[in-house]
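> My questions all concern the structure below.
Numbering (my numbering), first residue to last: 227 to 533.
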């Protein structure tokens, strides 16, 4: 859970800090620093609203638990979080290049019209989006116990790393492109998202919401049990211990949705998820490659004429 919380918090906080940093840097560059306080006001209000959303979510989850329906809420959270995590990765991949221009264009309009309220609302909505997503993701990885994720070392470390990265980025001392950071963290988040999808399917099968054609495609308990209890049971029943500890299995299950005895539906969903991601990535990259090739062809045609 802590590794998941670290990656998610790092990603979300870094996005929020980058956007706020782009806005405040632009205000300084155009000698409009008096508006910076309104940007930070909106960001601060968004952080408070995010904490409020976390508390409200916890109250709602407690209510579902009292009615004995928390498992259904957990499944819903996992499925929604899978969609949100996937959308987040693709959104940043497609907007990273023109993010600065878009933010500066909006702030230029606010400055021209003197729309202070618009500045506050804009920064509020930008940061709130990241905050609400974080609440959802924490609920998904902890089974509804958002407070545990917020108080753990993973979330705190993620915030610190994001703050350090954004600081060095805006100071101009960080030479590594941010696109590299987003690609690396995006890859891990895609794995987390796939794990959440598989866990949701497993829970639906446990509750008999959906059935299974093949309940157990294979059994890797002898190699890597997914829980220390499974390790103990295997040792008791077979007289030999599995090769790897159940602690490793529970870590991989929490992080990537590992299962030592998955159903055919879990396996197909896991593979299918990555197939969809691959198809989406290919469809988005195709127009970009076509434009580059077209530009290269145009350059070749113009080159002889220049001579």
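Ideal Cβ positions, reconstructed from N, Cα and C, are used throughout, including at glycine. Since the model is a prediction, treat every value here as computed from it, not as a measurement.
1) For residue 284, which three-state DSSP category applies?
2) To the nearest angstrom, how far is the alpha carbon of residue 265 from that of residue 395?
3) Report the start-end ranges of each alpha helix (DSSP H) in the stretch 450–510 that is 4 residues or longer and not cut off at the edges.
4) Would you tell me roughly how many angstroms separate the C-alpha atoms of residue 413 and residue 378, rounded to the nearest one?
5) Check whether the stretch 251–261 and the stretch 330–337 are in contact - that is, three or more C-beta pairs closer than 8 Å.
6) Could you tell me the distance, in whole angstroms, from the CA atom of residue 254 to the CA atom of residue 267?
7) If we call anything under 8 Å between Cβ atoms a contact, is residue 388 one with residue 236?
8) Using three-state DSSP, classify residue 261 as helix, strand or coil.
9) Please classify residue 432 as buried or exposed, where buried requires at least 16 neighbouring CB atoms within 10 angstroms.
10) Should residue 170 be labelled buried (16 or more other beta-carbon atoms within 10 Å of its own) or exposed?
11) Per DSSP, what kind of secondary structure is residue 444 in: helix, strand or coil?
12) To the nearest angstrom, how far is it from the Cα of residue 458 to the Cα of residue 509?
13) When we look at the beta-carbon of residue 360 and count the other beta-carbons within 10 Å, is it buried (16 or more) or exposed?
14) Please determine, among 314, 250, 302, 257, the residue with the shortest C-alpha to C-alpha distance to residue 233.
15) In whole angstroms, what separates the C-alpha of residue 243 from that of residue 410?
Reading it off the structure:
1) helix
2) 19 Å
3) 454–464, 472–482
4) The alpha-carbon of residue 413 is positioned some 23 Å away from that of residue 378.
5) yes
6) Those two C-alpha atoms are separated by around 17 Å.
7) yes
8) helix
9) exposed
10) Outside the displayed span of the chain (227 to 533) sits residue 170, for which this structure offers no information.
11) Coil, per DSSP.
12) 47 Å
13) buried
14) 314
15) 18 Å
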